[in-house]
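Engineer: Residue numbers (this note's numbering): 25 to 615.
1. Taking residue 163 and residue 578 to be in contact with their CB atoms under 8 Å, please state how far apart those CB atoms are, rounded to whole angstroms.
2. Under 8 Å: do the stretch 457-468 and the stretch 349-356 share three or more Cβ pairs, one atom per stretch?
3. Where in the stretch 247-308 do unbroken runs of the alpha helix (DSSP H), each at least 4 residues long, occur, reported from the N-terminal end onward?
4. With residue 232 as the anchor, note down where its alpha helix (DSSP H) starts and where it stops.
5. Going by beta-carbon coordinates alone, are residue 484 and residue 514 separated by less than 8 Å?
6. Locate the beta strand (DSSP E) running through residue 419, then write down its first and last residues.
7. Taking only the alpha-carbon atoms, compute the straight-line gap between residue 548 and residue 520 and give it to the nearest angstrom.
8. Take residue 324 as the anchor and find which of 603, 58 and 42 has the nearest alpha-carbon.
9. My guess is that residue 511 and residue 414 are in contact by the Cβ rule of under 8 Å, so how many angstroms apart are they, rounded?
10. Could you tell me the distance, in whole angstroms, from the CA atom of residue 615 to the CA atom of residue 135?
11. For residue 33, which residues in the same chain have their Cβ closer than 6 Å to its Cβ, ignoring the five residues on either side in sequence?
12. So the candidates are 446, 500, 147 and 335; which of them puts its Cα closest to the Cα of residue 482?
13. Where DSSP assigns a beta bridge to residue 57, which residues make up the other side?
14. So if DSSP puts residue 339 in a beta bridge, which residue, or which two residues, is it bridged to?
15. Report yes if the C-beta distance between residue 31 and residue 318 is below 8 Å; otherwise report no.
16. Ignoring anything shorter than 4 residues or poking outside the stretch 101-155, list the alpha helix (DSSP H) runs there in chain order.
17. Thinking C-beta only, is residue 337 closer than 8 Å to residue 384?
18. Give the straight-line distance between the Cα atoms of residue 594 and residue 407, rounded to the nearest whole angstrom.
19. Taking 8 Å as the threshold (C-beta atoms), are residue 47 and residue 300 in contact?
20. Span of the beta strand (DSSP E) holding residue 441?
21. The beta strand (DSSP E) spanning residue 214 covers which residue range?
22. Which residues in the same chain as residue 216 place their Cβ atom closer than 8 Å to its Cβ, once the five residues preceding and following it in sequence are excluded?
23. Taking the alpha carbon of residue 523 as the reference point, which residue from 73, 478 and 487 has its own alpha carbon closest?
24. Using 10 angstroms around the beta-carbon of residue 124, count the other beta-carbons present and answer buried if the total reaches 16, otherwise exposed.
25. According to DSSP, is residue 65 helix, strand or coil?
26. Taking the runs of the alpha helix (DSSP H) that are 4 residues or longer, which of them lie wholly in the stretch 551-614?
27. Please work out which residues of its chain come closer than 6 Å, Cβ to Cβ, to residue 591, disregarding the five sequence neighbours upstream and downstream, and give them in chain order.
28. Taking the beta strand (DSSP E) that residue 511 falls in, what are its first and last residues?
29. Would you mind reading off the limits of the beta strand (DSSP E) that contains residue 479?
30. Give the secondary structure of residue 237 by DSSP, where H, G and I count as helix, E and B as strand, and everything else as coil.
31. Among 229, 145, 451 and 131, which residue has its Cα nearest to the Cα of residue 116?
32. Of the residues 329, 290, 326 and 275, which one's Cα is nearest the Cα of residue 309?
33. If you count every other CB in all the chains shown that lies within 10 Å of the CB of residue 611, and 16 or more means buried, which is it?
34. If you reduce the DSSP assignment to three classes, tell me which class residue 327 lands in.
35. Tell me whether residue 535 sits in a helix, a strand or coil according to DSSP, three-state version.
36. Whose C-beta lies closer than 8 Å to the C-beta of residue 607 among residues of the same chain, with five residues either side of it excluded?
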């Protein structure tokens, strides 16, 4: 049996996602032939070329005229000034695009002026190439589909609309011929996020259109969140033959074995499929907690093509979250608790193996939170390594994280920690069952700074019951620790499928969840609260905060976690202190 696995495009093509290499490793260990494709980087690689930009300009001139004087008969059109800008600056961008890509993939990106110029060039090139598909937009940091894709009706429409779906023509020429040549028995599409639904459905629809005789299955966290909706959405099975929910390794292997045998899917765990006119849902299988995972297999991915100046590879220290109680988080997707911590020896062995096999010196731990115990044990194991490996990951503000641990992990290669601060208001921390305390938040940030670790914080406004006064406490805390916070991601609360706040709304002061029938694939919901800020006020608070932030001369270092991580390692190697996020920069040269 031959399997082709695909990771659809969305944004941030700076390192491979862990999902497909994890599945690939498991299947190959069981002697299944696997071809894996990261369509995220492949899409950007195809778009950010002279040839593609020239084709885009030709299409714009045809549709809008050489001076943007024509208005084609489409439901939604971009502003005329935007088209004029594209036609005027497009030829210059054609000449710059490939040089800019080369800069982003090299050490030159770490030079402030050269790096920011290359980043801005690529941003403008993506603005240009998105314009024919307006209002859809693909950027380095976000993707905006032409229609809301939490509606099966919208998805069906967008998947076959060449005027708004930029993936249609790309996949038809870039992917479908390879599938036809390889003739896989199974095509697996991983969809971790809502942003990837359009691309994933487009790929599946194109495969169906060709009449290829292969089983198309889909999985990933986003599909798991839709597991109750899928049986109620008939068009879903026009695109996919089955859906794998929760952990995919064992179910995907069992699916392959069943298709290679008698075709009976009823014994494949965690599977949703259609048999005749009936949708079948098989029994859920709990993950194997006693087994540490095999090394992710990145073989076959274009590791030299990611848009970053160093190869960063993802890894995990655990499955799930050891806290698992935050009211805004749906880490287990309302399934059985699945937390399993991997042994520090196993994690470090994998770090060293990735370094030796692929040459990477940058490991990004993609799990929810590294435990204090693993931080301590990993640091002692890594201290004896000849080749320093830089690493970063998410950590909770725990009492057990001491100055000694922070010093040890910094000496063992940890350059950046990402903290879910969320709020600095004690009543809201308690309300959201965060399980952290202000004194430890403050101490760890200061001690991390002293140890030489880049502190990144995530926080948001608008949790049900939060008032303006509560939000001000968070702002005061951030500014009160401005020397110890090197970057941050402010946002607003989102009511997400299967989070405790969604499952038990009354407990958290949510009086009404608005479920629109046309949004039959929704995972985020509008809501009303009995007290505190509403969604609009929370958005206003964030926008006001962002408006007051000091401007970074070289802001490209801050646009995503990968760039921040690489920037932190670059500054550490140069012996340069990490610049605080909220402190205005001095006019000095940067390396």
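We put the CB at the ideal spot given by N, CA and C, even for glycine. Remember, it's a predicted structure, so these values are computed and weren't measured experimentally.
Structural biologist: The answer reads as follows:
1. Within the chain shown, the letter at position 139 stands for residue 163. Within the chain shown, the letter at position 554 stands for residue 578. Between residue 578 and residue 163 the Cβ distance is about 19 Å, and since that is not below 8 Å, they are no contact.
2. At 8 Å Cβ cutoff, the stretches touch.
3. Within the stretch 247-308, the runs of alpha helix (DSSP H) at least 4 residues long that lie entirely inside it are, in chain order, 260-263 and 273-284.
4. Residue 232 sits at position 208 when you count from the first residue of the chain shown. Residue 232 -> alpha helix (DSSP H) spans 221-234.
5. Numbered from its first residue, the chain shown carries residue 484 at position 460. Numbered from its first residue, the chain shown carries residue 514 at position 490. Result yes, Cβ atoms of residue 484 and residue 514 sit closer than 8 Å.
6. On the chain shown, residue 419 is found 395 positions in, with the first residue counted as 1. Here the beta strand (DSSP E) through residue 419 covers 414-419.
7. Position 524 of the chain shown, counting from 1, holds the residue named residue 548. Position 496 of the chain shown, counting from 1, holds the residue named residue 520. Residue 548 and residue 520 have their alpha carbons spaced roughly 5 Å apart.
8. Within the chain shown, the letter at position 300 stands for residue 324. Residue 324 has its Cα closest to that of 58, out of 603, 58 and 42.
9. The residue labelled residue 511 in the question sits at position 487 within the chain shown. The residue labelled residue 414 in the question sits at position 390 within the chain shown. Wrong, their Cβ atoms sit about 16 Å apart, outside the cutoff.
10. Within the chain shown, numbered from 1, the residue matching residue 615 stands at position 591. Within the chain shown, numbered from 1, the residue matching residue 135 stands at position 111. In this prediction, residue 615 has a pLDDT of 42, which is less than 50 and means its spatial position is unreliable; what the coordinates show is noted afterwards. About 5 Å.
11. By 1-based counting over the chain shown, the position of residue 33 is 9. So the list reads 63, 64, 67 and 223, once near-sequence residues are dropped.
12. On the chain shown, position 458 is the one that residue 482 refers to. Residue 482 has its Cα closest to that of 446, out of 446, 500, 147 and 335.
13. For the purposes of this step, residue 57 is identified with residue 33 of the chain shown, where counting begins at 1. Paired residues: 26.
14. Counting from one through the chain shown, the residue named residue 339 turns up at place 315. The partner list for residue 339 (beta bridge, DSSP) reads 389.
15. Here residue 31 corresponds to residue number 7 of the chain shown, with the count starting at 1. Here residue 318 corresponds to residue number 294 of the chain shown, with the count starting at 1. At least 8 Å separates the beta-carbon of residue 31 from that of residue 318.
16. 104-128 and 136-154, all fully within the stretch 101-155.
17. One-based indexing of the chain shown puts residue 384 at position 360. One-based indexing of the chain shown puts residue 337 at position 313. At the C-beta level, residue 384 and residue 337 come within 8 Å of one another.
18. Translated into the one-based positions of the chain shown, residue 594 becomes position 570. Translated into the one-based positions of the chain shown, residue 407 becomes position 383. For residue 594 and residue 407, the distance between alpha carbons rounds to 20 Å.
19. As a first step, residue 300 is located in the chain shown; it is residue number 276 there, counting from the start. As a first step, residue 47 is located in the chain shown; it is residue number 23 there, counting from the start. With respect to residue 47, residue 300 sits apart: the two C-beta atoms are not nearer than 8 Å.
20. The residue you call residue 441 lines up with position 417 of the chain shown. The continuous beta strand (DSSP E) containing residue 441 extends over residues 438-446.
21. Looking up residue 214 in the chain shown gives position 190. Its beta strand (DSSP E) spans residues 210-214.
22. In the chain shown, the residue the question calls residue 216 occupies position 192. Excluding its 5 nearest sequence neighbours in each direction, residue 216 has C-beta neighbours in its own chain below 8 Å: 41, 43, 244, 245 and 246, listed in chain order.
23. Indexing the chain shown from 1 puts residue 523 at position 499. In terms of CA proximity to residue 523, 487 leads the group 73, 478 and 487.
24. For the purposes of this step, residue 124 is identified with residue 100 of the chain shown, where counting begins at 1. Residue 124 should be labelled buried.
25. Here residue 65 refers to the residue found at position 41 of the chain shown. Three-state DSSP puts residue 65 in a helix.
26. Counting only runs of 4 or more, we get 559-572 and 585-598.
27. For the purposes of this step, residue 591 is taken as residue 567 along the chain shown, with counting starting at 1. Hits under 6 Å: 581.
28. As a position in the chain shown, residue 511 is number 487, starting the count at 1. DSSP places residue 511 in the uninterrupted beta strand (DSSP E) bounded by 511-516.
29. Within the chain shown, the letter at position 455 stands for residue 479. Taken as a continuous stretch (DSSP letters only), the beta strand (DSSP E) holding residue 479 covers 478-485.
30. On the chain shown, position 213 is the one that residue 237 refers to. In the structure shown, residue 237 falls within a coil segment according to DSSP collapsed to helix, strand and coil.
31. Looking up residue 116 in the chain shown gives position 92. Checking every option, the nearest Cα to that of residue 116 belongs to 145.
32. Along the chain shown, read from residue 1 onward, the residue named residue 309 stands at position 285. Relative to the Cα of residue 309, the nearest Cα in the group 329, 290, 326 and 275 belongs to 275.
33. The residue given as residue 611 occupies position 587 in the chain shown. At residue 611, the pLDDT of 46 sits below 50, so the modelled position is not reliable and the matter cannot be decided from this model.
34. Counting from 1 along the chain shown, the entry for residue 327 is found at position 303. Coil at residue 327, not helix or strand.
35. Here the question's residue 535 lines up with position 511 in the chain shown. Strand at residue 535.
36. The sequence position of residue 607 within the chain shown is 583, counting from 1. These residues qualify, in order along the chain: 506, 507 and 574.
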